[in-house]
Amino acid sequence: MVFRDLRHYLDHLRRKGLLVEVDDEVSVDLEIAELGRMATYAHLPPLLFKRVRGFEEWKVLTNVFYSMDSMYDIFGTTDLEGISKEFLSTFGELPITFLDKVKSLPSVLKLGRYSPRSKRPDFEETELDLERIPATKTWPKDAGRYMTFSIVVTKDPETGVNNLSVYRIQILNKNEAIIHWQALKRGSLAASKYLEKGITRMPVAIVNGVDPVVLFTSASPVPPGLDKYLFAGILRGEGVDVTELENGLLVPSHAESVLEGYVDLNDNRLEGPFGDHLGYYTPPDYYPVFRLEKVYLRENPIYQVTSVGKPPLEDAWIGKGVERIFLPFLRMLIPDLVDMNLPEYGLFTGIGIFSMRKRYPGQARRLMMSLWGTGQLSFLKLIIIVDSDVNVHDLNQVLYAISTTVDPKRDVMIVDQVLNDSLDHTVPNPPLGSKMGIDATRKFKEEMGKEWPEEVRSDPEVVKKVTPIFEKIRSVFRPSA
Ligand SMILES: Cc1cc2nc3c(=O)[nH]c(=O)nc-3n(C[C@H](O)[C@H](O)[C@H](O)COP(=O)(O)O)c2cc1C
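Sequence positions in the sequence shown follow our numbering and run 15 to 495.
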């Protein structure tokens, strides 16, 4: 099912009995975030707060991504990989490289059903300032109230590609906020291109309350050359309805709220502290200031928020969705790759486990370096490579592979002075730190200096013969009902 907007999705949840409408009065100051976290940890469905102290004209929504079940519900399938596989099958047979494919997509699809479509907006301009928005304070020592689940819309000034990105935004006063876009992310890449052109006033819009697929896309590491509206259209199976603001940016026509303005690239101020997805406070650091010019709202607006912290919270389920949906794209780029597991507790920038079809010596290290050179996987601090017969989602199998294939001196690779997650407090000289790769594959003679030993395997004839006897033995302990 394609959801027109957030309200359509909430109606769908209501019909399924999966929306908890909360009548108790709550505060944006820590209470909504605390309840949201309690609900996510308990895998309860989304919460819609109808009475928010001091913000009577709003409803506040949280916990939309409450488990993998929520991802399956949003995409209407449990086979998330299938979505991108099906899309790629149209292009998969073409003998061109991934980058060529990415580049050719916009032109191939320009007229297609995935492209954004111009539609009249549902929102109207209104008199409001940033302090009248029910942004939440999520942890006691946060620097203030933050927009935690809004989409920052920017445009690449060279290519015209539309960027939609989820970044936290700290409200400073009625008209100013700080946008926390990290190096390498689309927002900061576009900012550096504006600066190269001598432009310091960068058009920006901050959008809240959209179809969850559009929000998911905004939090996803779509290759920078590819338009995020187009990618959202691919995932939805239908183009996103958009409308153009006076500052030239396209925003979703059915968004609940839109803040139009610009980022002053000459004005960087201290952002934070903020309790982040590592479960620690990130100390203050300098990020650029957004200045508000216009506000647009729908009638009876809904404001969507989240809280990050110790896993697994909403961002974890988005991360698992990204893992599944992007795997087929990654396989196109790195054909050796079989499967990947970015475990929730590995924080998506911490630990990644990858399996591959091993065909030649040194292949695992080659794969590590390819992964560290690929988009946001470059943030990964620890990469573990296993053979294709190891189920990367079964951590016991991964431990067994490490125990039986790794000589630490030979199979652990440490690279130093490389880009890591700037939020990671363990990084000695942020954002530069070290990374570790563990080659937990069976070794070729060239890698080990001797033949790999033979693994024990049962004699199939014996298995066949004793299985009926074993079934009898087992039935003693598991009598049939
Ligand atoms: C709840 C949530 C909060 C996030 N906050 C930030 C943030 O403050 N800064 C940042 O750079 N990325 C943040 N991210 C990650 C980005 O959304 C993610 O890297 C995404 O791919 C955007 O990157 P892009 O702008 O390059 O597309 C957040 C993600 C989620 C789900």
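Glycine is no exception: its CB is placed at the ideal position from the N, C-alpha and C atoms.
At a cut-off of 8 Å, would you count residue i as near ligand 1, judging by its Cβ distance to the nearest heavy atom?
i    : result
K242 : yes
R182 : yes
F13  : In the structure displayed, the chain extends from 15 to 495; residue 13 sits before or after that span and is not available.
W466 : no
T150 : no
K515 : The structure shown does not extend to residue 515, since the chain spans only 15 to 495, so no value can be given for it.
G201 : yes
V236 : yes
D329 : yes
A47  : no
I332 : yes
W153 : no
F434 : Inspection of the sequence shows that residue 434 is occupied by Asn rather than by Phe. Checking every heavy atom of ligand 1 against the Cβ of N434, none is found closer than 8 Å.
S81  : no
H407 : no
Q318 : no
N261 : no
Provide the residue(s) that pair with residue i in DSSP beta bridges, ordered along the chain.
i    : result
E307 : Per DSSP, none; premise fails for E307.
Q518 : One cannot answer for residue 518 here, as it falls past the ends of the chain, which runs 15 to 495.
P266 : V256
I248 : Its beta-bridge partners do not exist; DSSP assigns none.
R215 : D278
Y301 : R283
E35  : L62
Y295 : G289
N410 : Answer is none; N410 lacks a bridge partner.
D43  : K151
I316 : K73
Give the DSSP-derived three-state secondary structure of residue i in the structure shown.
i    : result
K449 : strand
N77  : coil
P135 : coil
F6   : Absent from the model: residue 6. The displayed extent of the chain is 15 to 495, so no value can be given.
M82  : helix
F368 : strand
D25  : helix
N405 : coil
L125 : Note that L125 scores 44 on pLDDT, short of 50, meaning its location in the model is unreliable and no value can be drawn from it.
G239 : coil
K479 : helix
K199 : coil
T168 : strand
T140 : strand
I397 : strand
V470 : coil
S271 : strand
Using the beta-carbon count (16 or more within 10 Å), is residue i buried or exposed?
i    : result
I367 : buried
Q503 : The first residue shown for the chain is 15 and the last is 495, placing residue 503 beyond what the model contains.
I154 : According to the sequence shown, residue 154 is Pro rather than Ile. By the 10 Å Cβ count, P154 comes out exposed.
Y301 : buried
L108 : With a pLDDT of 43 at L108, under the threshold of 50, the modelled position of this residue cannot be trusted; read the value that follows with caution. Label assigned to L108: exposed.
F484 : exposed
I183 : buried
L409 : exposed
G223 : buried
I213 : exposed
S271 : buried
L413 : exposed
A197 : exposed
G126 : exposed
W466 : exposed
M354 : buried
T481 : exposed
Please name the residue in the options whose C-alpha comes closest to that of residue i.
i    : options                   : result
V178 : P238, G158, R134 and I185 : Reading off the sequence shown, one finds Leu at residue 178, where the question assumed Val. Nearest option by C-alpha distance: P238.
R305 : R146, I185, I97 and G286  : I185
E461 : R51, I147, N314 and R424  : R424
V432 : T419, S417, K449 and P422 : K449
R379 : M346, I428, P342 and K308 : I428
L102 : P442, H439, F484 and F340 : F340
M383 : L347, G360, D408 and E358 : L347
S129 : D401, D255 and D290       : D255
A56  : V66, F79, P171 and V40    : F79
D430 : L446, D438, S436 and R67  : L446
E172 : L381, L209, Q196 and K188 : L209
Y23  : D38, M85, S232 and G50    : M85
G335 : D435, G90, D38 and D37    : G90
P357 : D329, A53 and M370        : D329
A205 : T168, T231 and S232       : T168
L20  : R28, S41 and A269         : A269
Please find out if some non-hydrogen atom of ligand 3 comes closer than 8 Å to the beta-carbon of residue i.
i    : result
Q390 : With respect to ligand 3, the structure shown offers nothing to examine, as its ligands consist of ligand 1.
Examine chain B for any beta-carbon lying closer than 9 Å to the beta-carbon of residue i, and answer yes or no.
i    : result
I316 : The chain labelled as chain B is not found in the depicted structure, where only one protein chain is given.
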